[in-house]
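Residue numbers (the working numbering), protein chains in the order written: chain A, 483 to 816; chain B, 483 to 816.
Glycine included, every Cβ here is placed at the ideal spot set by N, Cα and C.
These numbers come from a predicted model, not from an experiment.
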DNA sequence: ACTTGCATTTCTTGCGGCGTAAATGCACAA
DNA sequence: TTGTGCATTTACGCCGCAAGAAATGCAAGT
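This is the structure in structure tokens:
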């Protein structure tokens with residue numbers, strides 16, 4: 483998806499970010515909604531789409547607000563927007579309820595998720611860094627000018643990068659990008675970390691993979707085998723893999739394992755960015771994922787751990803076969 | 483109107499932080515030095531103290547600046563300060579050189595490292611959180627008032643906490659502190675992560691523990707056994723342990739392992755904060771550390787990994803014995 | 001030629017104001 | 001009594017200004 487979104491506009495973008503390019507909008511909802519309203523809108527639409535809310539059901543503002551962890555206000559806004567879109571009907575004085583033809587409309591709300599501005603800058607920076615377009619040392623000022631970011635935004639990004647280990651403050655002014663990402667060994671090293679933690683997480687004392695989650699994971703894998711491997715975008719495929727592994731590890735109940743995995747995955751995303759997704763291997767991966775799920779369902783943790791280890795090792799080997807491709811820009815250092 | 487507060491002193495501390503309480507200072511160096519100057523001062527003093535620079539040696543500004551990764555300016559300031567302190571002699575027109583009695587003075591420069599203001603707030607927050615004094619949800623405004631922080635400072639802290647996984651933005655306003663830290667199982671879980679990664683790191687392909695580093699580690703452990711266990715502060719003891727393990731893991735050359743360990747250690751520090759340091763166990767720990775070093779020296783990685791595993795497991799068990807003490811405030815949660 | 005020491009430039013951070021989004025209180029309707 | 005709809009209050013993000021602090025350029029000295 484075009485994550486590059488706004489870049490030219492830059493500075494004056496205020497906070498509304500790229501979200502909700504819905505259409506000119508009629509008079510009642512002229513002002514473009516903020517982040518929370520946008521999310522609430524999507525969330526309610528999702529509830530209708532998945533059938534949790536059926537036609538005729540009345541929507542209680544407070545209830546929804548609690549569920550989403552926000553106040554009633556953005557809920558009201560969201561409902562008004564959805565009513566205009568024909569998903570809900572407004573009963574003046576008695577709030578809103580799901581329209582009879584709501585569910586069909588609901589599908590059109592496919593997560594036009596924004597959040598874009600910052601995320602897009604993040605990826606642009608990473609890409610520039612990997613391609614060598616960004617110098618090793620640079621001042622915040624220069625970064626702001628280059629990417630059209632406000633002070634706070636840039637600070638957020640830099641902190642994140644620092645946390646991820648590929649940028650660091652210089653003693654005086656400015657920042658320094660470390661070489662971690664540009665070395666071809668990084669990807670392999672990230673896999674060795676996963677190899678250490680993922681199987682171990684399956685052996686955690688309280689491990690319990692929720693039945694619902696398991697079913698959900700299985701369905702995704704089946705859909706993949708059923709053709710999505712060919713049709714989905716490379717980004718989506720990556721996302722799917724990440725989600726699977728995070729779900730598996732998350733079921734360990736040990737947040738340290740999960741956080742670590744999430745962390746390494748976020749970086750890995752940058753590393754695989756340039757590796758042409760070789761779709762054929764996804765087929766085998768999906769099969770292995772399914773086998774793993776079956777084993778976990780039986781509660782055979784040790785066996786599952788072994789499978790997972792083998793799975794990761796397999797991926798890693800395939801990977802080192804592609805490695806020459808990545809070494810286009812090898813920075814010998816030492 | 484909460485906001486105009488400015489209530490406590492806090493605010494006007496500018497950025498110089500608690501550093502360098504050196505003394506009223508004579509006229510030449512009246513203005514208190516900034517962060518970089520302070521660090522440069524300490525660095526140069528250290529060079530003199532450790533004998534890298536001997537009496538009579540001339541100090542070249544550019545050389546030092548390059549070595550520290552900063553510009554010549556703060557170097558000059560630092561040298562002037564040190565000259566006033568009697569560590570260096572000023573040769574007008576020809577810079578500075580080490581004074582004959584420099585080395586004795588140098589010892590008095592024991593890293594009076596500041597950085598304090600923020601760090602102290604960080605620990606106060608963590609403590610309040612652990613003791614339950616801080617509510618689960620809170621707005622930035624309330625935090626600022628509570629801890630007397632500027633907007634930027636607070637933002638920095640919150641970002642850091644978010645990165646460490648124990649605070650997160652709420653959808654609307656305000657922040658939410660996750661339960662990670664308050665659950666009594668957390669400490670144990672953190673050890674299980676370490677158990678997964680530390681031994682594995684010893685088996686990394688390019689593992690190589692530098693001879694110098696090894697010797698240094700050994701010395702520290704010996705000093706510990708030689709009495710420091712009784713005399714050093716609890717904080718220092720913790721620090722020593724962390725450093726040892728990070729050195730060992732860092733020698734794997736895989737930054738992902740090291741980062742993960744650092745990360746978990748930072749959080750662990752908050753978790754052990756209240757556990758009364760039981761000094762007796764440090765003795766055994768030191769012995770095990772030494773044995774580990776010896777094994778690594780022989781290059782017996784697998785054996786070392788086993789030792790490390792046993793070591794961690796031992797610590798963990800001791801820990802679960804103390805656990806009842808920590809459960810003072812157990813938050814059962816569904 | 002190399003360095004110092006100063007002057008100038010550049011960068012960063014703190015603070016307060018402003019505009020807008022979200023939270024909250026309240027009156028009123030069902 | 002419960003819940004809606006609006007008005008009020010509160011919180012937060014962005015911006016500009018100004019004060020330092022660090023980086024850099026330059027002339028003079030050795």
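Please list the partners that residue i has in chain A, where partner means a Cβ-to-Cβ separation under 8 angstroms.
i, result
"residue 645 of chain B", "641, 642 and 645"
"residue 518 of chain B", "653 and 654"
Quick one: give me the first and last residue of the beta strand (DSSP E) that residue i is part of.
i, result
"residue 579 of chain B", "578–580"
"residue 686 of chain B", "Per DSSP, residue 686 of chain B belongs to no beta strand (DSSP E) and is neither H nor E."
"residue 644 of chain B", "Element bounds for residue 644 of chain B: not the beta strand (DSSP E) but the alpha helix (DSSP H), 633–646."
"residue 570 of chain B", "570–572"
"residue 649 of chain A", "649–651"
Count the other CB atoms within 10 Å of the CB of residue i; is the residue buried (16 or more) or exposed (fewer)?
i, result
"residue 767 of chain B", "buried"
"residue 617 of chain B", "exposed"
"residue 619 of chain A", "exposed"
"residue 683 of chain A", "buried"
"residue 532 of chain A", "exposed"
"residue 762 of chain A", "exposed"
"residue 790 of chain A", "buried"
"residue 567 of chain B", "buried"
"residue 634 of chain A", "exposed"
"residue 506 of chain B", "Per-residue confidence for residue 506 of chain B stands at a pLDDT of 40, beneath the threshold of 50, marking its modelled position as unreliable; the derived number appears in the next sentence. It is exposed - the Cβ of residue 506 of chain B has fewer than 16 other Cβ atoms within 10 Å."
"residue 599 of chain B", "buried"
"residue 687 of chain B", "exposed"
"residue 708 of chain B", "exposed"
"residue 712 of chain B", "exposed"
"residue 538 of chain A", "exposed"
"residue 803 of chain A", "exposed"
"residue 605 of chain B", "exposed"
"residue 551 of chain A", "exposed"
"residue 615 of chain B", "exposed"
"residue 784 of chain A", "exposed"
"residue 792 of chain B", "exposed"
"residue 799 of chain A", "exposed"
"residue 534 of chain A", "exposed"
Just reading off the alpha helix (DSSP H) that residue i is part of, what are its end residues?
i, result
"residue 716 of chain A", "716–732"
"residue 665 of chain A", "From DSSP, residue 665 of chain A is part of no alpha helix (DSSP H); its letter is neither H nor E."
"residue 534 of chain B", "From DSSP, residue 534 of chain B is part of no alpha helix (DSSP H); its letter is neither H nor E."
"residue 763 of chain B", "761–779"
"residue 545 of chain A", "543–550"
"residue 829 of chain B", "Nothing about residue 829 of chain B can be reported from this structure: the residues present for chain B run from 483 to 816 only."
"residue 564 of chain A", "554–566"
"residue 701 of chain B", "693–705"
"residue 628 of chain B", "622–629"
"residue 748 of chain A", "737–754"
Give me the chain B residues within the contact set of residue i, using Cβ-Cβ distance strictly less than 8 angstroms, ordered along the chain.
i, result
"residue 523 of chain A", "Going along chain B, no residue has its Cβ under 8 angstroms from residue 523 of chain A, so there is no contact; the nearest lies around 13 angstroms."
By the criterion of Cβ-Cβ separation under 7 angstroms, what are the contact partners of residue i in chain B?
i, result
"residue 686 of chain A", "674"
For residue i, which residues in chain A fall below 7 angstroms Cβ to Cβ?
i, result
"residue 705 of chain B", "Chain A residues near residue 705 of chain B: none, gap ~30 angstroms exceeds 7 angstroms."
At a threshold of 7 angstroms, does residue i count as lining the ligand MN (C-beta to nearest heavy atom)?
i, result
"residue 556 of chain B", "The ligand MN is absent from the structure shown, which contains no ligand whatsoever."
Taking C-beta pairs closer than 9 angstroms, name the residues in chain B that residue i reaches, listed in chain order.
i, result
"residue 638 of chain A", "637 and 641"
Task: Residues, ordered as in the chain, of the stretch 527–556 of chain A that lie near chain B by beta-carbon distance below 7 angstroms - done: 550, 551, 552 and 553
- [ ] Scan the stretch 670–684 of chain B for residues whose Cβ lies nearer than 7 angstroms to a Cβ of chain A and list them as they occur along the chain.
- [x] 671, 672, 674, 675, 678, 679 and 682
Task: Stretch-stretch touch, CB-based, cutoff 8 angstroms, three pairs: the stretch 668–682 of chain B with the stretch 654–673 of chain A - done: no
Task: Interface positions of the stretch 736–755 of chain B facing chain A (Cβ-Cβ less than 7 angstroms), listed along the chain - done: 736, 737, 738, 739, 741, 742 and 746
TODO: Could you tell me whether the stretch 622–642 of chain B touches the stretch 706–721 of chain B, using the rule of 3 or more Cβ pairs below 8 angstroms?
DONE: no
TODO: Decide yes or no for the touch test of the stretch 647–657 of chain B against the stretch 694–708 of chain B: beta carbon pairs closer than 8 angstroms, at least 3 of them.
DONE: no
- [ ] Compile a chain-ordered list of the residues in the stretch 645–663 of chain A whose CB is closer than 8 angstroms to at least one CB of chain B.
- [x] 645, 647, 652, 653, 654 and 662
Open item on the list: Is it the case that the stretch 621–635 of chain A contacts the stretch 520–528 of chain B, given that we only count it when at least three CB pairs across the two stretches are under 8 angstroms?
Closed with: no
- [ ] Decide if the stretch 557–565 of chain B is in contact with the stretch 540–547 of chain B; the criterion is three or more beta carbon pairs, one per stretch, under 8 angstroms apart.
- [x] yes
TODO: Take every Cβ of the stretch 775–791 of chain B, pair it with every Cβ of the stretch 771–785 of chain A, and state whether three or more of those distances are shorter than 8 angstroms.
DONE: no
Open item on the list: Assess contact between the stretch 674–681 of chain B and the stretch 731–750 of chain A, defined as three or more Cβ pairs (one per stretch) separated by less than 8 angstroms. Is contact present?
Closed with: yes
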